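Here the structure is laid out as structure tokens; the discussion comes afterwards.
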Amino acid sequence: MSGVHTLGVILSGGAGSRVNGADKGMLTIHGEPVVARVAATLRQQCDDVLIVANRNHAEYERYARVISDEVPGHAGPLAGVAAALAWIVETQAAALADCQWLLTTPVDCPDFPADLFARLHAAMEAAPQATCAYARDEHRLQPLFALYSLRNRDALLESARKAAALHASALRWHLELQAQEVDFRDRTEAFHNLNGPEDFKEYERTHGRT
């Protein structure tokens, strides 16, 4: 893990309630698990990739290293962020001592922007005291597409754990962090996520193989 400046994290620990309890990251588009496409795009922007998943670890390990949430069950995406921070701060403290940035994405958005890191990073550089920056498209805030500074990683982990224990949303936590909101209104379609089975079928119908 030496030489990692930016770690990308795929949040795939959900219960799959909108896909009949299936593991959404393992559902396929054009015969390939959606996590494969997300991981490939994330690797173009980060030095290494980590997946937070609560089942099917052997299958996920084909695409990146895998960890689970710190708490059992499916506690939501903020629990996944907390688990990734704990892995950096406590499990991989020596190997990731020089890692400066943590970039997160959900597993169900196969076409997220190829310049996600670049634009979030530019916002953070313009506000050097900021802890986090996250995307906003034309219609809504996108707090799971976020970049975190690891400058004060211990404090960030403590904050994430406290928020997760209170079952806070990622957005609520970002408000507490006074996170920077970054305009991606020109890339709104890139944030289209695959919620239910019909979304996967429609995606295959409207998108060719790449």
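All residue numbers for the sequence shown refer to this note's numbering, where the first residue is 10 and numbers rise by one. Positions of the beta carbon are idealized from the N, C-alpha and C atoms, including for glycine. Keep in mind the model is a prediction, meaning the values are calculated, not measured.
Starting from residue i, trace the alpha helix (DSSP H) in both directions and tell me its first and last residue.
i, result
"S168", "162–174"
"F126", "125–135"
"T215", "206–215"
Apart from the five residues just before and just after residue i, which ones in its own chain have a Cβ nearer than 6 Å to its Cβ?
i, result
"R46", "P119"
"P122", "R196, A199"
"D117", "K33, N202, L203"
"F74", "For the sequence presented, residue 74 should be read as Arg rather than Phe. L59."
"H14", "D56, Q109"
"P42", "M35"
Leaving aside the five residues before and after residue i along the sequence, list all residues of the same chain whose C-beta is less than 7 Å from its C-beta, in chain order.
i, result
"E134", "none"
"E213", "I38, H39"
"D192", "R145"
Quick one: residues in its chain with C-beta nearer than 8 Å to the C-beta of residue i, no 5 flanking neighbours on either side, listed in chain order?
i, result
"A169", "L87, V90, A91, L94, W182"
"A139", "A132, M133, S158, Q187, A188, Q189"
"V18", "V58, L59, I60, V61, G89, V90, A93, L111, L112, T113, T114"
"V44", "I19, S21, G34, M35, I60, Y69, Y72, V116"
"G12", "D56, D107"
"Q151", "Y143, A144, R145, F193, F200"
Assuming residue i is part of the beta strand (DSSP E), what are its boundary residues?
i, result
"E190", "189–192"
"L105", "Element bounds for L105: n/a, residue is neither H nor E."
"L20", "15–21"
So what's residue i in DSSP terms, helix, strand or just coil?
i, result
"A142", "strand"
"A155", "strand"
"L111", "strand"
"L186", "helix"
"L203", "coil"
Task: Sequence ranges, beta strand (DSSP E) only - wholly within the stretch 28–85, length at least 3 - done: Within the stretch 28–85, the complete beta strand (DSSP E) segments at least 3 residues long are 57–62, 74–76, listed from N- to C-terminus.
- [ ] Mind the definition here: the stretch 170–189 touches the stretch 85–104 only if three or more C-beta pairs lie below 8 Å; say whether that holds.
- [x] In short, these stretches touch, since the Cβ pair count reaches three.
- [ ] Tell me, please, whether the stretch 121–132 touches the stretch 152–162 by the rule of three or more beta-carbon pairs shorter than 8 Å.
- [x] Three or more Cβ pairs closer than 8 Å define a contact, and the stretch 121–132 meets that threshold against the stretch 152–162.
Open item on the list: I want to know whether the stretch 139–153 touches the stretch 94–106 - three or more CB-CB distances under 8 Å.
Closed with: Judged by Cβ distances under 8 Å, the stretch 139–153 makes no contact with the stretch 94–106, as fewer than three pairs qualify.
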